[in-house]
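Before any comments, here is the structure.
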Amino acid sequence: MALKLMKGCEAIAEAAIQAGCRYFFGYPITPQNDIPEYMSLRLPQVGGCFLQAESELAAINMVYGASGAGARVMTSSSSPGISLKQEGISTIAAAELPCVIVNMMRGGPGLGNIQASQGDYFQAVKGGGHGDYHPIVIAPSSIQETVNMMGKAFDLADDYRIPVIILADGLIGQMMEPVEMPNNPDPVKKDKPWAATGYVPGGKKQRAIINSLYIETEDLDVLHTRLSATYDRIQANEIMVETYNTEGAEFILCAYGTVARVCKAAVRICAEQGVKVGLVRPITLWPFPTEAVHNAVAQESVKGVLTVEVSDGQMYEDIRLAVNGCKPTEFMGKAGSAIPAAEDIAERIMNMRRA
Amino acid sequence: MATIFKRTSVLTNAPFHYCPGCGHGIVHRMVAEVIEELGIREKTAGVAPVGCAVFAYNYFDVDMYEAAHGRAPAVATGYKRVHPENVCFTYQGDGDLASIGTAEIVHAAHRGEKITTIFINNAIYGMTGGQMAPTTLVGQKTTTSPLGRDKDHCGEPIRMAEMLATINGSAFIARTALNNTANLVKTKAAIKKAFQAQLDGKGFSMVEILSPCPTNWGKSPAEAMDWLAENMIPYYPLGIMKEV
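In order, the protein sequences belong to chains A and B. Note that the first sequence covers residues 873 to 1227 in the numbering used here. Note that the second sequence covers residues 9 to 252 in the numbering used here.
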């Protein structure tokens, strides 16, 4: 199949359509406007519906309505807009509805800026909205990987009846790369007997009640027991992680998304100086690849672990839990949008080596 | 023996949790009867609010959603865009529709969203225990306006039906009341017209219903009906504000 040069946002939108997404509800915010723009033209061509909502709040609640009606549906936004959507994401998680939410992270807090950032890790991975729940969080590091993950994201959402967040950043959204786009004119339609599609009393299908309210303690406990079992299955079966050059490495880098690509360049710089460095790149941030991280750093050859993020050290907490004190760990990164250079990461490794 | 009245089958057998003298039960029955009379129950979905009607999904025997506070029109939009051939109604109170959900209701009307909204205006927050609503009358005492609503402090009550009637996307907008038999008849007729406007694909439709809340007004059910007639109807005029 021919490669096509595509902007990240447009590639994500097209990949979603190829995955069978036919409904999109969103609100403009930089740096992800190319997704709704693309959807507004393309979805009507495939018999779908694009709607520009009056707010992110309305958009995520339209997603709730469409998902409850049985549709493959998505929304996208960027950090401040994702904050507004949290009420709906919590509701969708409680109502056990499938949907895909793309966050093209930008610098925060507040309005922050419009450059790439990784400051929303806690918000995405630890729940974001109120109450105990998890979305599945996927953090691709290239446009091709994002494209490949869109079909997977919709399938996971349907299979586990759970919101799936694609946690990318402004760079993934705004840069252009050659991609191979799947061509899937007839995507699989999942059976959704729980959806609100119409109710005939005495018929085979039960009356649909799409709901997040469980007023009795015992009833809410039933929900949480079921959610907990779902989360256990996801953690057992759906972890995705890339390990790069980790076998026998002296140092292990941990990074995700765009920053992981910079780390790969740092691995090569270190190799040129005769130091073997490996990289562990979580692709799913929840479920987190705790075991893969631990196995990589627990090797006898490993002298230290360096986590690199464009944040004040958010994934770093999960890395430290995974390392569990077996090796010295350090953090490199700053909140905002300053992406570290490969040379600086390599130099930091050399400093750790000298220490 | 001839049957001259029976319970509508569009309501489940669950007993209402509403207080004595509350208007919700009356309106639930009317909405359910209209759905039955129009023969649309098998393709109807309802969206319950946050407020006293939060458990409406237990009472209407059709597909139901429970929405976050104020978001029912957005949820109904999502449903209706997926199933445009079906019928969707939201059932909302004044805190839900006229306060936290004003953006959602205004823009559902603005898009001409083909949904029907049943709006219960009882001039107070019922479920949370009698706080001031945007619809609370000037001078009316509530738990958050203990000295009576002061218009210089928090404005005058909002008239949603008049506001939404100015929007091009609205096809049918009416205000009715539950205080006497004539008004009950008019209320049910308005609900039927609102659903018919949706079925005819004309646009957004809403019936605002002035409804008693004896518990939080601190009145007996009979006193509450009188208070509604004497205080609410003069400020909230009844009638059809828009019909296309």
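For glycine and all other residues, C-beta sits at the position ideal for the given N, C-alpha and C.
Can you give me the Cβ contacts of D102(B) inside the same chain, cut-off strictly under 6 Å, excluding the 5 residues immediately before and after it? N129, A141, T143
Mind pulling the chain B residues with CB within less than 7 Å of G898(A)? Simply none; closest approach about 12 Å.
Could you give the DSSP three-state label for Q924(A): helix, strand or coil? strand
Rounded to the nearest angstrom, how far is the Cβ of C274(B) from that of P222(B), given a contact under 8 Å? As shown, chain B starts at 9 and ends at 252. That puts residue 274(B) outside it, with no answer to give.
Tell me which same chain residues have a C-beta within less than 7 Å of the C-beta of A40(B), skipping the five on either side of it? T16, V18, L19, F68
Is the stretch 1203 to 1221 of chain A touching the stretch 976 to 985 of chain A in the sense that three or more CB pairs, one from each, lie closer than 8 Å? yes
Are the C-beta of M72(B) and some C-beta of chain A separated by less than 8 Å? yes
Quick one, which of V146(B), T151(B), A173(B) has its alpha-carbon nearest D160(B)'s? V146(B)
Restricting to Cα atoms, I'd like to know which of T1156(A), I1155(A), T963(A) is closest to N933(A). T963(A)
Listed by chain order, chain B residues near M934(A) by CB distance under 8 Å: A82, V83, T85, G86, R89
Chain-ordered chain B contacts of Y1071(A) [CB-CB under 7 Å]: E50, V70, D71
Going by DSSP, which residues form a beta bridge with E4(B)? No statement about residue 4(B) is possible, as the shown extent of chain B runs from 9 to 252 and does not include it.
What is the rounded straight-line gap between the Cα of I1091(A) and the Cα of L1193(A)? Per the sequence shown, residue 1091(A) should be read as Asp rather than Ile. Going from the Cα of D1091(A) to the Cα of L1193(A) covers about 33 Å.
Is it right to say T124(B) is buried, meaning 16 or more other beta carbons lie within 10 angstroms of its own, or is it exposed? buried
Proximity to I1081(A) [Cα-Cα], best of D71(B), I43(B), H25(B), N21(B): D71(B)
Are three or more beta carbon pairs between the stretch 1144 to 1152 of chain A and the stretch 989 to 996 of chain A nearer than 8 Å? no
List the whole-angstrom C-beta distance separating T52(B) from A80(B), where the pair is believed to meet the contact cut-off of C-beta under 8 Å. Rounded, the Cβ-Cβ distance is 15 Å, inconsistent with contact.
Would you say the stretch 993 to 1008 of chain A touches the stretch 1055 to 1070 of chain A, given that touching needs at least three Cβ pairs under 8 Å? no
Would you check if there are 3 or more beta carbon pairs closer than 8 Å linking the stretch 1177 to 1192 of chain A to the stretch 1043 to 1058 of chain A? no
Are S949(A) and Y899(A) closer than 8 Å when you measure CB to CB? yes
Output needed in chain order: residues of the stretch 1076 to 1092 of chain A with a Cβ under 9 Å from some Cβ in chain B. R1079, A1080, I1081, I1082, N1083, S1084, L1085, I1087
Kindly provide the ranges of any beta strand (DSSP E) runs that are 3 or more residues long and lie completely inside the stretch 131 to 217 of chain B, ordered along the chain. 178 to 185
Under a three-way DSSP split, which group does W1066(A) fall into? coil
Is the distance from the Cβ of N1196(A) to the Cβ of H1166(A) below 8 Å? yes
For the alpha helix (DSSP H) that I1221(A) lies in, which residues bound it at each end? 1214 to 1226
Whether A941(A) touches H91(B) by CB criterion (8 Å): yes
Assign S1173(A) to one of two classes, buried (16 or more other C-beta atoms within 10 Å of its C-beta) or exposed (fewer than that). exposed
Residues of chain A with CB closer than 8 Å to the CB of R167(B), please, in chain order. Simply none; closest approach about 21 Å.
Continuous beta strand (DSSP E) assignments of at least 3 residues falling wholly in the stretch 1132 to 1201 of chain A: 1149 to 1154, 1156 to 1158, 1176 to 1181
Touching by the beta-carbon criterion (3+ pairs, under 8 Å), the stretch 1211 to 1226 of chain A and the stretch 1129 to 1149 of chain A: yes
Does any CB atom of chain A fall closer than 8 Å to the CB of Y65(B)? yes
Does the beta carbon of T963(A) sit closer than 8 Å to a beta carbon anywhere in chain B? yes
Are the C-beta atoms of E112(B) and some chain A residue less than 8 Å apart? yes
Would you verify that the beta carbon of S927(A) is, or is not, closer than 8 Å to some beta carbon of chain B? yes
So with Cβ pairs under 8 Å, would you call L923(A) a contact of chain B? yes
Can you pull the chain B residues whose beta carbon is under 8 Å from the beta carbon of G960(A), in chain order? A76, R79
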